[in-house]
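Structure record follows, encoded as structure tokens.
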Amino acid sequence: MFATFILLWLCVSFIIVQMKPRRPKNFPPGPLTLPVLGNLINLSLENPLKDFEMLRKSYGNVYSLFIGPKPAVVINGVNAIKEALMTKANDFSGRPQDLFINDVTERKGVVMVDYGPSWRDHRRFALMTLRNFGLGKNSMEERIHGEIKHIINTLEKNIGKILSPQVMFHNAASNIICQVLFGTRYEYDDEFIREIVRCVRENSKLANGPWAMLYDSFPMIHNLPLPFTKAFRNVEKLVIKLVNEHKKTRVAGEPRDFVDCYLDELDKRGSDGSSFSEEQLIIYSLDLHFAGTDTTSNTLLTGFLYLMTNPHIQERCQQEIDRVLVGKDRVGFDDRHNMPYMQAVTHEVQRIANTVPLSVFHCTTKDTELMGYSIPKGTIVIPNLTSVLNEEGQWKFPHEFNPENFLNDQGEFVKPEAFMPFSAGPRMCLGEGLARMELFLIMVTLLRKFKFIWPEDAGEPDYTPVYGITQTPKPYHMKVLCIIHLNTVIK
Ligand code: HEM
């Protein structure tokens with residue numbers, strides 16, 4: 092009996108030891124791994140960013156980790172990230188295909204699709220369509236200004252009062268992308284926008300959070316009826332309804348929005364075996380909406396948090412805005428060329444917001460090398476954008492909010508190469524143009540019309556962001572006052 096027990100114990104121990112993930116030859120170094128768990132115990136599942144920084148100090152700019160049994164390489168610092176995502180773009184532009192987020196998005200759309208023809212065709216289509224249809228400078232500016240009017244209405248109703256800006260900025264960013272995708276803007280209390288924004292915020296917390304880590308580490312839990320895919324499915328149904336309505340009301344060849352453009356493209360391609368399909372369109376629309384809402388609104392939230400708590404910076408912005416826009420009823424995106432300080436502030440807001448701290452995970456498409464290490468095909472690659480956005484040696488003030496990071500000695504705007512909030516290389520953010528336009532036009536218009544004040548009874552500001560695939564500031568309140576302009580009617 093005792094001998095059987097010992098034998099059984101030895102067998103189990105042997106199996107467990109065999110299950111311990113092992114680093115391949117010349118793989119980047121990293122902490123010791125445990126059977127089954129890999130390095131999960133080295134990371135805080137709530138917010139691993141500090142752990143990533145500590146591991147970087149121990150193992151250097153390129154190190155490895157095991158997410159359960161899956162090997163991952165974390166890339167830090169501008170040089171390593173440039174080598175991987177730009178110099179060796181073809182090797183490092185894949186996406187992992189067996190993560191929580193792949194299952195949620197059904198391996199369709201663009202964000203999580205692997206590097207290959209479907210991704211390339213859909214990315215090209217989106218860039219072209221957004222350029223012709225929405226991003227084409229003037230029409231997009233019109234749309235953004237149209238939405239800004241609704242932000243202004245909300246703020247005007249709250250003059251002298253204390254307001255929570257979270258939902259307002261989320262709704263505004265969502266509406267801008269909804270107009271591009273579906274040709275519709277929604278009132279802020281509309282059921283559709285409430286549901287889609289709730290889903291975006293929920294999924295953003297889930298996607299890099301503890302549940303996703305467990306899901307990614309333990310394939311055996313995949314088929315359990317887990318709660319977190321429900322929100323996505325609900326919104327998917329709403330988008331299917333919208334696409335069906337488009338199919339009924341569209342006139343072929345006269346697109347009103349992104350969905351119509353895609354349906355035209357489907358007509359054109361017929362059954363040529365391409366990756367374009369109605370199912371793709373549903374997830375693609377959700378992809379673009381998701382990618383374009385939480386990112387922009389969280390950056391705006393961070394911006395106003397720092398502007399309120401740094402009133403001298405807010406005032407300097409307002410002085411520049413008043414000087415450059417004198418006699419103009421509203422700001423245009425081209426005005427940025429005459430506003431170096433405002434440009435520096437919007438960029439510094441993006442740097443400090445660090446909105447997508449670990450980018451979107453990449454994956455190697457073939458056996459490759461990075462900084463002298465060997466990395467096999469199919470390895471998860473985590474570009475740690477946080478490590479670049481506050482990298483010592485790259486910034487004048489890496490750890491404080493200071494627009495001087497983007498100004499030279501002559502007060503001109505300069506953009507250091509470590510400014511990578513949109514990542515780099517072929518997978519770089521597809522909505523960069525739209526996002527930059529939104530951030531500039533919204534911030535300038537609001538700062539021109541209102542003064543934002545940190546409420547007297549709000550205590551000390553807490554700048555620690557809430558971690559997720561996109562980071563957001565902790566909920567806060569703002570006090571809004573109106574600025575009176577004597578000579579110009581501001582629209
Ligand atoms: C401040 C705002 C934004 C930030 C900081 C941001 C940042 C990022 C980052 C870091 C990535 C990952 C790139 C990589 O994998 O290397 C990304 C991808 C992406 N973003 Fe954005 N983004 C923003 C706004 C937008 C907007 C407005 C849109 C919508 C049009 C958008 C659409 C996308 C898409 C579709 C991808 C996936 C690209 C691909 O896989 O080829 N983003 N973004």
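Numbering-wise (the working numbering), the sequence shown opens with residue 92 and increments by one. Ideal Cβ positions, reconstructed from N, Cα and C, are used throughout, including at glycine.
Reduced DSSP secondary structure (H/G/I, E/B, other) of M569: Position 478 of the sequence shown, counted from the first residue, corresponds to residue 569. Here M569 sits in strand by DSSP.
Checklist entry - In whole angstroms, what is the alpha-carbon distance linking A163 and K570? => result Stepping through the sequence shown from its first residue, residue 163 is reached at position 72. Stepping through the sequence shown from its first residue, residue 570 is reached at position 479. Taking the straight line from one Cα to the other gives about 45 Å.
Relative to the ligand HEM, is the shortest distance from any of its heavy atoms to the C-beta of M311 smaller than 8 Å? Position 220 of the sequence shown holds residue 311. Within the chosen limit of 8 Å, the ligand HEM does not reach the beta carbon of M311 with any heavy atom.
Checklist entry - Who pairs with I544 in a beta bridge, going by DSSP? => result To locate residue 544, count along the sequence shown from 1; it is residue 453. In DSSP, I544 forms a bridge with K570.
Report task. Report yes if the C-beta of D378 is less than 8 Å from at least one heavy atom of the ligand MN; otherwise report no. Result -> Questions concerning the ligand MN fall outside what the structure shown contains, since the ligands it does hold are the ligand HEM.
### Message
Are the CB atoms of D385 and V291 within a distance shorter than 9 Å?
### Response
Residue mapping note: residue 291 aligns to position 200 of the sequence shown, counting from 1. Residue mapping note: residue 385 aligns to position 294 of the sequence shown, counting from 1. Yes, Cβ-Cβ distance for V291 and D385 is below 9 Å.
Any idea what DSSP makes of H236, helix, strand or coil? Walking along the sequence shown from the start, residue 236 turns up at place 145. For H236, the secondary structure class from DSSP, reduced to helix, strand or coil, is helix.
Worksheet item: According to the Cβ coordinates, are Y567 and D548 closer than 9 Å?
Response: Locating residue 567 in the sequence shown gives position 476, where the first residue counts as 1. Locating residue 548 in the sequence shown gives position 457, where the first residue counts as 1. Remark: C-beta atoms of Y567 and D548 do not approach each other more closely than 9 Å.
query: In the structure shown, what three-state DSSP assignment does C587 receive?
result: This structure gives no information on residue 587, because the portion of the chain shown stretches from 92 to 582.
So N401 and F492 are in contact, right, with Cβ under 8 Å, and what is the actual spacing, rounded? Locating residue 401 in the sequence shown gives position 310, counting from the first residue. Locating residue 492 in the sequence shown gives position 401, counting from the first residue. Contact holds; Cβ gap of about 6 Å.
* M534 to L218, Cα distance in whole Å? -> If you number the sequence shown from 1, residue 534 lands on position 443. If you number the sequence shown from 1, residue 218 lands on position 127. Computed Cα separation, rounded: 25 Å.
- Message: Is A343 close to the ligand HEM? I mean its beta-carbon at under 8 Å from any heavy atom of the ligand.
- Response: Position 252 of the sequence shown, counted from the start, is the residue given in the question as residue 343. Every heavy atom of the ligand HEM is 8 Å or more from the Cβ of A343, so no.
Quiz item: Does at least one heavy atom of the ligand HEM sit under 8 Å from the Cβ of V447?
Solution: As a working mapping, residue 447 is identified with position 356 in the sequence shown. For the ligand HEM, at least one heavy atom lies less than 8 Å from the Cβ of V447.
- Query: Just to confirm, are V440 and L530 a CB contact at a threshold of 9 Å?
  - Reply: Within the sequence shown, the letter at position 349 stands for residue 440. Within the sequence shown, the letter at position 439 stands for residue 530. Contact flag set, yes.
**Message:** Is the separation between the beta-carbon of V350 and that of R539 shorter than 9 Å?
**Reply:** Start at 1 with the first residue of the sequence shown, and residue 350 comes out as number 259. Start at 1 with the first residue of the sequence shown, and residue 539 comes out as number 448. No.
Any heavy atom of the ligand HEM closer than 8 Å to the CB of L396? Reading the sequence shown from its first residue, position 305 is the one you call residue 396. Answer for L396: no, Cβ out of range of the ligand HEM.
Report task. State whether the segment 391 to 406 contacts the segment 253 to 266, with contact taken as three or more CB pairs (one from each stretch) at a distance under 8 Å. Result -> Enough Cβ pairs lie closer than 8 Å, so yes.
Tell me the DSSP secondary structure of Y464 in three-state form. For the purposes of this step, residue 464 is taken as the residue at position 373 of the sequence shown. Three-state DSSP puts Y464 in a strand.
Fill in: Near the ligand HEM: V451 beta-carbon under 8 Å from a heavy atom
Your numbering for residue 451 matches position 360 in the sequence shown. True, at least one ligand heavy atom lies under 8 Å from that Cβ.
Worksheet item: Which whole-angstrom value is the C-beta distance of T586 and G469, which I expect to be below 8 Å?
Response: What is shown of the chain runs 92 to 582, which leaves residue 586 out entirely.
Which residue or residues does DSSP assign as beta-bridge partners of L254? The residue labelled residue 254 in the question sits at position 163 within the sequence shown. BP columns for L254 point to M569.
To which residues does DSSP link E483 through a beta bridge?
-> Locating residue 483 in the sequence shown gives position 392, counting from the first residue. Bridge partners of E483: W486.
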